[in-house]
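What follows is a single structure, written as structure tokens, with notes after it.
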Amino acid sequence: MSLFFCDFCFTREAEPDYDALIASCRKIFNQNQNNKKVKKQLSVLYHNYGNELAKQEKWLKAIQNEKQAYKLCPDEQIIQETLSSLYNAYAGTLKEQGKLQECLHYLQSALDYFQGNPRIGKNISVVYTDLAYQEFMKSNYWKCKQFLNKAADFDQENASLYVLRGELAYNQDDYDEAAKNWEKALEFNSELSEVRERLEKMQKEKGLERNFKTIRTGSFKIKFAAAAKHDLADSVVKILQNAYRDVGQNFNTFPNSVIQVIIYPEEKLANLGYFPDWAGGIYDGKIRFGEQVGEHALHMKPILYHEYTHVLVRILAGNNAPLWLNEGLAEYEAKPFKKVKMRKARKQLLLKAVRKDELFDFTDIAQMNLTQLGQLESGKIELVYAQSEYFVSYLINRFSLYHLVELLGCLGKGDTIDQAIDRTFYFDLNTLVTDWKNKMRG
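In terms of our numbering, the sequence shown opens at residue 6 and continues consecutively.
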């Protein structure tokens with residue numbers, strides 16, 4: 006605090022009644038607004054009260070009082086700095102709540118009051134990067150790029166923005182641009198081991214795909230190993246175009262961005278390590294699967310419908326859909342194309358687990374990723390998929406597919422799965438799971 010403020014600080018053993026003191030001082034000031042001493046005294050009261058409220062993390066009320074201090078003494082630097090710090094602190098709370106646009110508004114105010122704080126600009130850059138990531142996860146690449154440019158305007162040493170620029174370039178098949186940005190990210194943060202691994206993996210991928218053929222059609226870009234596999238690529242195009250129409254109608258979602266699809270020679274899959282051997286394919290921003298899948302038309306169609314559903318789930322929910330919902334919807338869309346024998350075997354497995362009370366807790370499934378899932382026994386992996394499919398089918402039959410799409414939208418806006426379920430169905434997850442289990446028991 007400056008000497009100016011020290012001159013007017015109150016020293017009491019007990020905490021002052023700021024409301025009463027401000028009211029009293031304001032009354033005197035209103036009688037003679039030319040009294041500079043009273044004006045300064047009132048400003049200090051507002052300032053000290055703001056600091057006290059800040060200790061209690063009552064940010065909005067603290068800002069309100071500090072703004073009153075600023076009105077009275079706008080040239081006092083300690084007030085400018087404090088007001089900036091309060092706006093910045095409240096912006097941090099908003100960021101934790103996922104309210105990024107509102108967070109930006111308060112950070113801009115923090116910058117307006119005190120331009121000399123470099124931390125504010127860095128925080129703004131972080132928030133723009135978070136907004137860019139949200140758009141990236143929804144495959145809205147143009148808007149993602151716009152947010153990243155704004156992030157760079159405020160902090161050109163933000164390693165995260167270069168990581169995301171690399172991801173954006175990679176998903177658009179520009180490996181050179183991806184490498185350039187990931188290397189830049191490592192310049193600013195050498196401890197980004199995952200980025201280093203991505204670079205190494207991409208170089209392998211780039212080498213493998215150097216002689217791949219490409220088919221571009223509508224919303225898809227298909228890459229495959231050799232001209233001899235052109236018929237396979239043509240079949241993939243037809244299935245994905247149908248999926249674009251069918252699943253798109255179900256989800257009322259039709260992507261504008263080009264979706265990358267890569268068909269790998271079977272012997273190369275293990276070296277790349279994109280997905281475990283028990284999975285028929287994967288979507289990680291690109292749809293990937295092996296040539297062997299294409300040799301069996303009955304396998305290829307459900308796999309492609311499954312993976313394309315993941316594309317739409319990601320567009321609607323970003324990275325916020327729990328595994329049981331993501332896989333359940335994908336299996337729901339793939340189910341009509343699976344063999345009756347496979348569907349019966351899955352149902353029998355599920356009913357047995359219900360009878361023996363061996364079902365997974367949906368909270369546990371929600372916390373799994375593919376790596377963790379792959380560590381389970383094959384029967385347990387199948388049970389996770391069975392539970393996910395049948396519970397999602399129950400939700401669709403009880404409510405509607407429209408409600409599931411609405412649920413994804415809530416997740417895309419930052420709701421937790423519990424909040425989204427409550428907002429969409431007006432029931433909690435446990436109630437719905439219990440009802441589903443009772444119906445499965447018959």
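The C-beta atom is built at its ideal place from N, Cα and C for all residues, glycine as well.
Quiz prompt | Cβ shell of A74 (< 6 Å), same chain only, five flanking positions each side left out | solution = Walking along the sequence shown from the start, residue 74 turns up at place 69. Excluding five sequence positions before and after A74, the CB atoms of its chain that fall closer than 6 Å to its own CB belong to S48, Y51, H52, I84, given in chain order.
Quiz item: Buried or exposed: where does H304 fall if 16 or more other Cβ atoms within 10 Å of its Cβ makes it buried?
Solution: Counting from one through the sequence shown, the residue named residue 304 turns up at place 299. Classification for H304: buried.
Quiz prompt | Spatial distance of L416 from F152 (CA atoms) | solution = Reading the sequence shown from its first residue, position 411 is the one you call residue 416. Reading the sequence shown from its first residue, position 147 is the one you call residue 152. Going from the Cα of L416 to the Cα of F152 covers about 21 Å.
Practice problem: Starting from the Cα of K352, find the closest Cα among N435, E394, K155 and give me that residue. | Solution: Translated into positions along the sequence shown, residue 352 becomes position 347. Among N435, E394, K155, the Cα nearest to that of K352 belongs to E394.
Practice problem: Determine the direct distance from the alpha carbon of L317 to that of K340, and round the result to whole angstroms. | Solution: Translated into positions along the sequence shown, residue 340 becomes position 335. Translated into positions along the sequence shown, residue 317 becomes position 312. Distance between the alpha carbons of K340 and L317 is about 17 Å.
Quiz item: Once you ignore the five residues that flank K100 on each side, which residues in its own chain have a CB closer than 7 Å to its CB?
Solution: Taking the first residue of the sequence shown as position 1, residue 100 is located at position 95. Excluding the 5 residues flanking it on each side, K100 has same chain C-beta neighbours closer than 7 Å at C108, V132, in chain order.
Exercise. Please report the residue range of the alpha helix (DSSP H) in which V397 lies.
Key: Numbered from 1 along the sequence shown, position 392 holds the residue referred to as residue 397. Counting along the chain, the alpha helix (DSSP H) containing V397 begins and ends at 383-403.
Self-check item: Unbroken stretches of the beta strand (DSSP E), 3 residues or longer, contained in the segment 258-342
Solution: 264-269, 286-288, 292-295
Exercise. Quick one: using the 10 Å Cβ neighbour count with 16 as the cut-off for buried, is Q392 buried or exposed?
Key: Within the sequence shown, residue 392 is the residue found at index 387, counting from 1. Counting Cβ neighbours within 10 Å, Q392 comes out buried, since at least 16 surround it.
Self-check item: Buried versus exposed call for G333 [16 or more other C-beta atoms within 10 Å across all chains shown]
Solution: Residue 333 sits at position 328 when you count from the first residue of the sequence shown. Only buried fits G333, as 16 or more other CB atoms lie within 10 angstroms of its CB.
Quiz item: Apart from the five residues just before and just after Y1, which ones in its own chain have a Cβ nearer than 7 Å to its Cβ?
Solution: Within the shown structure, residues of the chain are numbered from 6 to 447, placing residue 1 beyond reach of any answer.
Exercise. Just mark V389 as buried or exposed, buried being the case when its beta carbon has 16 or more other beta carbons within 10 Å.
Key: Within the sequence shown, the letter at position 384 stands for residue 389. Flag for V389 reads buried.
Quiz item: Can you tell me whether DSSP reads K60 as helix, strand or coil?
Solution: Position 55 of the sequence shown holds residue 60. K60 falls in the helix class under three-state DSSP.
Practice problem: Determine the closest residue to P307 out of R319, D251, L412, with distance taken between C-alpha atoms. | Solution: The residue given as residue 307 occupies position 302 in the sequence shown. The shortest C-alpha separation from P307 is found at D251.
Quiz prompt | Complete runs of the alpha helix (DSSP H) confined to the segment 150-196 [at least 4 residues] | solution = Complete alpha helix (DSSP H) runs here, min 4: 164-176, 180-193.
Quiz item: If we cut at 9 Å on Cβ distances, does L245 have a partner in chain C?
Solution: The structure shown contains no chain C; it holds only a single protein chain.
Quiz prompt | Proximity winner among N325, F217, A115, relative to G140 (alpha-carbon distances) | solution = The residue given as residue 140 occupies position 135 in the sequence shown. Contrary to the premise, residue 140 reads as Glu rather than Gly in this sequence. Answer by Cα proximity: N325.
Self-check item: Cβ neighbours of W441 in the same chain (closer than 6 Å, five flanking residues each side left out)
Solution: If you number the sequence shown from 1, residue 441 lands on position 436. Residues F396, Y399 of the same chain have their beta carbon placed closer than 6 Å to that of W441, with the five preceding and five following residues left out of the count.
Quiz item: Quick one: Cα of W187 to Cα of N154, how far?
Solution: Numbered from its first residue, the sequence shown carries residue 187 at position 182. Numbered from its first residue, the sequence shown carries residue 154 at position 149. One C-alpha to the other measures close to 16 Å.
Quiz item: At what residues does the alpha helix (DSSP H) containing T222 begin and finish?
Solution: Numbered from 1 along the sequence shown, position 217 holds the residue referred to as residue 222. T222 -> not in any alpha helix (DSSP H); beta strand (DSSP E) instead, spanning 218-222.
Exercise. Could you tell me the distance, in whole angstroms, from the CA atom of S114 to the CA atom of K104?
Key: Position 109 of the sequence shown, counted from the start, is the residue given in the question as residue 114. Position 99 of the sequence shown, counted from the start, is the residue given in the question as residue 104. Distance from the CA of S114 to the CA of K104, rounded to the nearest whole angstrom, comes to 16 Å.
Exercise. Report the rounded CA-to-CA distance for N331 versus K344, giving the unit in angstroms.
Key: The residue labelled residue 331 in the question sits at position 326 within the sequence shown. The residue labelled residue 344 in the question sits at position 339 within the sequence shown. Those two C-alpha atoms are separated by around 22 Å.
Self-check item: For D369 and R446, the rounded distance between their alpha carbons
Solution: Here residue 446 corresponds to residue number 441 of the sequence shown, with the count starting at 1. Here residue 369 corresponds to residue number 364 of the sequence shown, with the count starting at 1. For R446 and D369, the distance between alpha carbons rounds to 22 Å.
Quiz item: Which value, in whole angstroms, describes the spacing of the CA atoms of G295 and E271?
Solution: Counting from 1 along the sequence shown, the entry for residue 295 is found at position 290. Counting from 1 along the sequence shown, the entry for residue 271 is found at position 266. Going by the C-alpha atoms only, they are around 5 Å apart.
Quiz item: Between the beta-carbon of I68 and the beta-carbon of L91, is there less than 9 Å?
Solution: Numbered from its first residue, the sequence shown carries residue 68 at position 63. Numbered from its first residue, the sequence shown carries residue 91 at position 86. Contact: yes.
Quiz item: Straight-line CA distance for R31 to N56?
Solution: Taking the sequence shown and counting its residues from 1, the one referred to as residue 31 is at position 26. Taking the sequence shown and counting its residues from 1, the one referred to as residue 56 is at position 51. Going from the Cα of R31 to the Cα of N56 covers about 19 Å.
Practice problem: Could you pull out every residue in the same chain whose Cβ sits closer than 6 Å to the Cβ of S165, ignoring the five residues on either side in sequence? | Solution: As a position in the sequence shown, residue 165 is number 160, starting the count at 1. For S165, where only same-chain residues beyond five positions count, the Cβ hits under 6 Å are T134.
Exercise. Could you tell me which residues DSSP pairs with F225 in its beta bridges?
Key: Counting from 1 along the sequence shown, the entry for residue 225 is found at position 220. F225 pairs with T222, I264.
Quiz item: Distance, Cα to Cα, I386 vs N257?
Solution: The residue you call residue 386 lines up with position 381 of the sequence shown. The residue you call residue 257 lines up with position 252 of the sequence shown. Roughly 30 Å separates the two Cα atoms.
Self-check item: C-beta atoms of I401 and L413 nearer than 9 Å
Solution: Here the question's residue 401 lines up with position 396 in the sequence shown. Here the question's residue 413 lines up with position 408 in the sequence shown. Cβ distance not < 9 Å, so I401 and L413 don't count as in contact.
Self-check item: For D117, the nearest candidate out of V359, S89, K76 (CA to CA)
Solution: Start at 1 with the first residue of the sequence shown, and residue 117 comes out as number 112. Looking at the Cα atoms, S89 is the closest of the given residues.
Exercise. Below 8 Å on the Cβ atoms is my guess for I267 versus K243; work out the distance and round it to an integer in Å.
Key: Along the sequence shown, one-based indexing puts residue 267 at 262. Along the sequence shown, one-based indexing puts residue 243 at 238. Actually they are not in contact, since the Cβ atoms of I267 and K243 sit about 17 Å apart, beyond 8 Å.
Exercise. Look up P79 in the DSSP assignment and say whether it is helix, strand or coil.
Key: Here residue 79 refers to the residue found at position 74 of the sequence shown. DSSP places P79 in coil when its eight states are reduced to three.
Exercise. Can you grab the Cα-Cα spacing for the pair F34 / K42, in whole Å?
Key: In the sequence shown, counting from the first residue as 1, residue 34 sits at position 29. In the sequence shown, counting from the first residue as 1, residue 42 sits at position 37. Their backbone Cα atoms lie some 9 Å apart in a straight line.
Practice problem: Out of R293, K228, S224, point me to the one whose CA is closest to Q246's CA. | Solution: Counted from its first residue, the sequence shown places residue 246 at position 241. The option with the nearest alpha carbon to Q246 is S224.
Quiz item: Alpha carbon to alpha carbon, what distance is there between L354 and M347?
Solution: By one-based count along the sequence shown, residue 347 stands at place 342. By one-based count along the sequence shown, residue 354 stands at place 349. Distance between the alpha carbons of M347 and L354 is about 11 Å.
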